[in-house]
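A short write-up of the structure that comes next.
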Amino acid sequence: MPQVNSNAQQYTLPTRSNTMSQHSHSYSRSSPAGLDQKYIPFSSTAQTPDVPKYAQTPSQPQRHYAPPTPQAGAASNSPLGLADIRPRANSNIGEESASGTTIFSELDNRPPGNSNYLAPWAVYAFDWCKWPVQGGNSAGKMAVGSYLEDPHNFIQILDTQVAPQEATTPGAPGYGIEYTRVAEATCSYPVTRILWEPPSSQKQSTDLLATSGDHLRLWSLPQATANQASNTITRSSNVNQREPPVQKLTPLALLSNSKSPEHTAPLTSLDWNTLSPKLIITSSIDTTCTIWDIPTLTAKTQLIAHDKEVFDVRFCAGSVDVFVSCGADGSVRMFDLRSLEHSTIIYEPTEKKEEKGSPGRMSPTKAQQMMSYAPPLLRLAASPHDAHLLATFASDSNIIRILDVRQPGQALLELRGHQAPLNSIDWSPTRRGMLASGADDNLVMVWDLLHSQNGAQLNASDATVTTTVGNGTSGQASGSGNVNMKGPCASWKCDYEVGNLSWAPQSALTAQGGEWLGVSGGRGVWGVKL
Numbered sequence: 001m002p003q004v005n006s007n008a009q010q011y012t013l014p015t016r017s018n019t020m021s022q023h024s025h026s027y028s029r030s031s032p033a034g035l036d037q038k039y040i041p042f043s044s045t046a047q048t049p050d051v052p053k054y055a056q057t058p059s060q061p062q063r064h065y066a067p068p069t070p071q072a073g074a075a076s077n078s079p080l081g082l083a084d085i086r087p088r089a090n091s092n093i094g095e096e097s098a099s100g101t102t103i104f105s106e107l108d109n110r111p112p113g114n115s116n117y118l119a120p121w122a123v124y125a126f127d128w129c130k131w132p133v134q135g136g137n138s139a140g141k142m143a144v145g146s147y148l149e150d151p152h153n154f155i156q157i158l159d160t161q162v163a164p165q166e167a168t169t170p171g172a173p174g175y176g177i178e179y180t181r182v183a184e185a186t187c188s189y190p191v192t193r194i195l196w197e198p199p200s201s202q203k204q205s206t207d208l209l210a211t212s213g214d215h216l217r218l219w220s221l222p223q224a225t226a227n228q229a230s231n232t233i234t235r236s237s238n239v240n241q242r243e244p245p246v247q248k249l250t251p252l253a254l255l256s257n258s259k260s261p262e263h264t265a266p267l268t269s270l271d272w273n274t275l276s277p278k279l280i281i282t283s284s285i286d287t288t289c290t291i292w293d294i295p296t297l298t299a300k301t302q303l304i305a306h307d308k309e310v311f312d313v314r315f316c317a318g319s320v321d322v323f324v325s326c327g328a329d330g331s332v333r334m335f336d337l338r339s340l341e342h343s344t345i346i347y348e349p350t351e352k353k354e355e356k357g358s359p360g361r362m363s364p365t366k367a368q369q370m371m372s373y374a375p376p377l378l379r380l381a382a383s384p385h386d387a388h389l390l391a392t393f394a395s396d397s398n399i400i401r402i403l404d405v406r407q408p409g410q411a412l413l414e415l416r417g418h419q420a421p422l423n424s425i426d427w428s429p430t431r432r433g434m435l436a437s438g439a440d441d442n443l444v445m446v447w448d449l450l451h452s453q454n455g456a457q458l459n460a461s462d463a464t465v466t467t468t469v470g471n472g473t474s475g476q477a478s479g480s481g482n483v484n485m486k487g488p489c490a491s492w493k494c495d496y497e498v499g500n501l502s503w504a505p506q507s508a509l510t511a512q513g514g515e516w517l518g519v520s521g522g523r524g525v526w527g528v529k530l
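The following block contains the structure:
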């Protein structure tokens, strides 16, 4: 039963695991590493994902769109109903694939450990549905996406249940997570981000999810799957019973700005507006961000957000107009849909690599190279509780930087503890100021920004000393300038490099006490208790 290890007053950076060196395959730092990628070859009789049977986006007359004129009360707080989308979709979508045979072999699902699911391929995209689960022993639904270099990738939907578990360590609870694969779909390229529709008080659950990759795609669970629930905590005693047939996800729509969807620029990320679920924003390698109106399947606004590729984008908490983005130019920028003529550069790294002395002592070409260098910023996370707080990290960096949009220009705080490049960060939806991170050092770390006593002392060459004092400030490590630093309050070691993270919803699982975190790495998904 995986459990996060809470740190004492001192935290020593662990050495990098050499587990992956035992495998013959090599992985890049940006790729989800793990076990050998084994899967059943794509059937030629199955429906090809690229067949244009989706509801197509209406052709756009031009690349860029005028910003919308906000109206009083225009923001819709109502949940997005599938009736808003399905009338536009082809009623025949999914009929061919639904009658096909299962594309995964039962031999690929080798016995996993406690609270662990093992996929037949490397996992990258991952999201734990945040809708509160009322009654029963369900722990909510998970969505996972494959990372395969072949032009045949997969999406799986997992149903999770609270189940008795054999305690493997002293003090571990006698319950954990049991996984059941309930739906699946195929797509050409790996999904860069997958998200469930955000929670709403006006309905109890959702069967709608969105993915980014080659396009923005909308999917729904089959009705029987969406209503499936278990009312027993002894499901693990029936492991020898045959599982019900896995259903196919229903593709609802494919959204693209290009008149030729097969030639559109890939999307790097997406975000769903929690205040108005009818809005989704996407980022692309073509330097643009696009805001989509889901009921009409049209782009409301598209703008050039950065000088280079945009790698991530997020709506700010409590707003339908303000969003932030980061990209290959090394900056974090904030935009307001009510005034797109201007943007605010929230963070841009200083030229730390500039040589000492006057710029006149070096050639103009070298001076330009030194001044223009900024490492790409790969991921961005906006706090769901504080609209002014952001977290980001750079390519090949093990440092998380906390930004305050009210103080542009410099990081408010640096979180140091990882020994290898970061891959994922995620704010807790229920605990203010709590952030989780995962990296290539196989570690999941949890950071508490509000409570000064929940910060470890760092012992590493790049962070000589950081001590937390009673007033909430932190001592500065050598070479960190004027930026405060903080260590993690808890950590958990995965078997593989950590690719993505997602916090658990309120359910029978969290009702047992403690927070839970979903972790993807290699071919596995883990449920980890704080």
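Using UniProt numbering, you'd call the opening residue of the sequence shown number 1 and step up by one each time. Using N, Cα and C, we set each Cβ at its ideal position, and we do this for glycine too. Every value quoted in this text rests on a predicted model; they were computed, and no experiment measured them.
Cβ-Cβ distance between residue i and residue j below 9 Å
i, j, result
"Asn442", "Cys494", "yes"
"Leu380", "Phe311", "yes"
"Gln410", "Val332", "no"
"Phe315", "Asn273", "yes"
"Val324", "Ile304", "no"
"Ala391", "Ser397", "no"
"His418", "Ile399", "yes"
"Asp127", "Leu216", "no"
"Leu279", "Lys300", "yes"
"Leu249", "Ser205", "no"
"Glu348", "Ala317", "no"
"Pro488", "Trp447", "yes"
"Pro295", "Ser200", "no"
"Ala394", "Gly330", "yes"
"Ala328", "Pro376", "yes"
"Lys130", "Pro505", "yes"
"Val133", "Ala508", "yes"
"Leu415", "Met434", "no"
"Ser319", "Ala387", "yes"
Boundaries of the beta strand (DSSP E) in which residue i is found, first to last residue
i, result
"Ala143", "138-146"
"Leu380", "377-382"
"Lys130", "Run containing Lys130: none; DSSP gives neither H nor E here."
"Ala387", "Here Ala387 belongs to no beta strand (DSSP E), and DSSP marks it neither H nor E."
"Gly499", "498-503"
"Ala374", "It is not in any beta strand (DSSP E) - Ala374 carries neither H nor E in the DSSP assignment."
"Thr344", "343-347"
"Leu303", "298-304"
Expected contact under 8 Å - CB spacing of residue i and residue j to nearest Å
i, j, result
"Asp271", "Val322", "Contact doesn't hold; Cβ gap of about 12 Å is too wide."
"Leu254", "Gly213", "Not confirmed; about 11 Å, so no contact."
"Ile177", "Gly524", "Incorrect: roughly 12 Å between the Cβ atoms, too far for contact."
"Gln512", "Tyr175", "6 Å"
"Gly145", "Tyr124", "6 Å"
"Lys486", "Leu413", "6 Å"
"Ala143", "Leu208", "About 11 Å separates the two Cβ atoms, so there is no contact after all."
Residues bridged to residue i (per DSSP)
i, result
"Asp207", "Paired residues: none, contrary to the question."
"Gln247", "Ala183"
"Ile280", "Trp272, Trp292"
"Tyr117", "Val525"
"Thr264", "For Thr264, which the question treats as bridged, DSSP gives no partner whatsoever."
"Ala439", "Leu422"
"Cys326", "Asp312, Val332"
"Lys486", "Leu415"
"Leu517", "Trp503, Val528"
"Gly433", "Per DSSP, none; premise fails for Gly433."
"Gln161", "Ser138, Glu178"
"Leu216", "Leu255"
"Val191", "None, per the DSSP bridge assignment."
"Arg401", "Thr392, Glu414"
"Asp448", "Met434"
"Val123", "Ser146"
"Ile155", "Gly145, Ala185"
First through last residue of the alpha helix (DSSP H) which encompasses residue i
i, result
"Thr510", "508-511"
Residue i at chain B interface by Cβ criterion, 9 Å
i, result
"Thr282", "Reference to chain B is not applicable here, since this structure consists of a single protein chain."
For this session: Determine, using beta-carbon pairs with one atom in the region 176-187 and one in the region 155-166, whether at least three such pairs fall under 8 Å.
Result: With contact defined as three or more Cβ pairs closer than 8 Å, the region 176-187 and the region 155-166 are in contact.
Problem set entry | Stretch-stretch touch, CB-based, cutoff 8 Å, three pairs: the region 132-140 with the region 507-516 | Result yes; three or more Cβ-Cβ pairs closer than 8 Å.
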